[in-house]
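Undergrad: Quick one: this structure, given as structure tokens, is what I'll be asking you about.
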Amino acid sequence: MANLGLYYLFFVLFSFHFVTNNAAGSAVAVNSKNGATNFIRLSCRATLYPVLCFQSLSMYATKIQQNERHLAEAALSVSLAKARFTAMFVSKLTKVSGIRPREFRAVKDCIENMGDTVDQLSRSMKEMSRIRGNQDFMWHMSNVQTWVSAALTYENTCFDGFSGNFMEGNVKAAVKRRIVTVAQVTSNALALVNRFAERHQAAATNMP
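Here's what the structure looks like:
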């Protein structure tokens, strides 16, 4: 009977220890995610489209944590994914029944522009992965900034190809919806890349 009582006491103490540790671990995880989420929200204020920025990046809070580089890389990844999807969508518009000659030419130009956009964003992500501390940091970041800016220019050029009243219609509307979104996330990515570069340089300058 005494052994049974000791066994029961041991079981209660073990269970309490297990539950307490789990609760503490869960609290740490929640606090960590909340901190990352707040970090993303505050960082997105530096962009032109903060609401879209937060919506597109908050799902990566666990990976981003409170790291400026991870945030910039996630933003580039989102932009690249959107650009690839848009490029695939636009490429199918050449087969739309009843497409007008001017629309067809604009779509063909847009396909080329979006292909260039994907290339520039892919190069930017690869360049980010080559950054190692302070060594050649600004050279790598200058490349990234140049290529993301070029991607944004290609996106805007695609959209400009559909300007004018004679281009009004379903094709223009379909392209506009997607190009506007991909241009906005690319603009946000560029802002966060610039923020990362500036903060890294400021920290490096203040090092003893």
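According to the numbering used here, the stretch in the sequence shown is residues 60 to 267, in order.
Where is the CB? At the ideal position from N, CA and C, for every residue including glycine.
Use the C-beta contact count for E214: other C-beta atoms within 10 angstroms, 16 or more gives buried, fewer gives exposed.
TA: Looking up residue 214 in the sequence shown gives position 155. Buried, since its Cβ has 16 or more Cβ neighbours within 10 Å.
Undergrad: Leaving out the 5 sequence neighbours to the left and right, which residues in its chain are closer than 7 Å to G220 when beta-carbon positions are compared?
TA: As a working mapping, residue 220 is identified with position 161 in the sequence shown. Cβ within range, chain order: A165, D168 and C169.
Undergrad: The alpha helix (DSSP H) spanning R154 covers which residue range?
TA: Taking the first residue of the sequence shown as position 1, residue 154 is located at position 95. The question names Arg, yet the displayed sequence has Lys at residue 154. Taken as a continuous stretch (DSSP letters only), K154 belongs to no alpha helix (DSSP H), as it is neither H nor E.
Undergrad: Please list, in chain order, all residues of the same chain as R149 whose beta carbon is under 7 Å from its beta carbon, the five residues on each side excluded.
TA: Along the sequence shown, one-based indexing puts residue 149 at 90. The question names Arg, but residue 149 is Val in the sequence shown. Cβ within range, chain order: V166, C169, I170, M173 and V234.
Undergrad: What do you get for F225, buried or exposed, if any count of 16 or more other CB atoms within 10 angstroms of its CB means buried?
TA: As a first step, residue 225 is located in the sequence shown; it is residue number 166 there, counting from the start. Under this definition F225 is an exposed residue.
Undergrad: Going by beta carbon distance, what residues of the same chain come within less than 7 Å of R258, once the five residues before and after it are set aside?
TA: Against the sequence shown, residue 258 aligns to sequence position 199. Contacts found: E127.
Undergrad: Tell me the residue span of the alpha helix (DSSP H) that contains Y213.
TA: Here residue 213 refers to the residue found at position 154 of the sequence shown. It spans F196 to D219 - the alpha helix (DSSP H) in which Y213 sits, taken as one unbroken run.
Undergrad: In this structure, does DSSP put R143 in helix, strand or coil?
TA: The residue given as residue 143 occupies position 84 in the sequence shown. In the structure shown, R143 sits in a helix (DSSP, three-state: H, G or I).
Undergrad: Report the partner residues of R128 according to the DSSP bridge assignment.
TA: Working through the sequence shown from its first residue, we reach residue 128 at position 69. DSSP, once it has assigned bridges, lists no residue as partnering R128.
Undergrad: Report the three-state DSSP secondary structure of R191 (helix, strand or coil).
TA: Position 132 of the sequence shown, counted from the first residue, corresponds to residue 191. In this structure, R191 counts as strand in the three-state DSSP scheme.
Undergrad: Got a sec? Which residues, its chain only, sit under 6 Å from A105 by beta carbon, not counting five neighbours each side?
TA: Walking along the sequence shown from the start, residue 105 turns up at place 46. Within the same chain, A105 has close Cβ partners A250 and R254.
Undergrad: Pull up the CB-CB distance for L248 and V207, whole angstroms please, since I reckon it's below 8 Å.
TA: Your numbering for residue 248 matches position 189 in the sequence shown. Your numbering for residue 207 matches position 148 in the sequence shown. For the record, residue 248 in the displayed sequence is Ala; it is not Leu. Confirmed, Cβ separation roughly 6 Å.
Undergrad: Considering just the uninterrupted stretch of the alpha helix (DSSP H) at S115, what are its terminal residues?
TA: Sequence index remark: in the sequence shown, residue 115 carries index 56 (1-based). Where S115 is concerned, the enclosing alpha helix (DSSP H) stretches over P109 to L116.
Undergrad: Tell me which residue opens and which closes the alpha helix (DSSP H) that F255 is part of.
TA: For the purposes of this step, residue 255 is taken as the residue at position 196 of the sequence shown. That run of the alpha helix (DSSP H) goes N229 to T264.
Undergrad: Are A95 and Q114 closer than 9 Å when you measure CB to CB?
TA: As a working mapping, residue 95 is identified with position 36 in the sequence shown. As a working mapping, residue 114 is identified with position 55 in the sequence shown. In this structure, Q114 does not lie closer than 9 Å to A95 by Cβ.
Undergrad: Report yes if the C-beta distance between M184 and L139 is below 9 Å; otherwise report no.
TA: Locating residue 184 in the sequence shown gives position 125, counting from the first residue. Locating residue 139 in the sequence shown gives position 80, counting from the first residue. Yes; because the gap between Cβ atoms is below 9 Å, this pair is in contact.
Undergrad: In whole angstroms, what separates the C-alpha of P109 from that of E186?
TA: Position 50 of the sequence shown, counted from the start, is the residue given in the question as residue 109. Position 127 of the sequence shown, counted from the start, is the residue given in the question as residue 186. Each residue's Cα considered, the two are about 25 Å apart.
Undergrad: If you draw a straight line from the C-alpha of A133 to the C-alpha of V177, how long is it?
TA: Taking the sequence shown and counting its residues from 1, one reaches residue 133 at position 74. Taking the sequence shown and counting its residues from 1, one reaches residue 177 at position 118. Going by the C-alpha atoms only, they are around 15 Å apart.
Undergrad: With distances taken between CB atoms, is the gap from T245 to L180 smaller than 9 Å?
TA: Residue mapping note: residue 245 aligns to position 186 of the sequence shown, counting from 1. Residue mapping note: residue 180 aligns to position 121 of the sequence shown, counting from 1. The beta carbons of T245 and L180 sit closer together than 9 Å.
Undergrad: Given this structure, state the Cα-to-Cα distance separating I238 from T145, to the nearest angstrom.
TA: The count along the sequence shown starts at 1 and reaches residue 238 at position 179. The count along the sequence shown starts at 1 and reaches residue 145 at position 86. C-alpha separation (whole angstroms): 7 Å.
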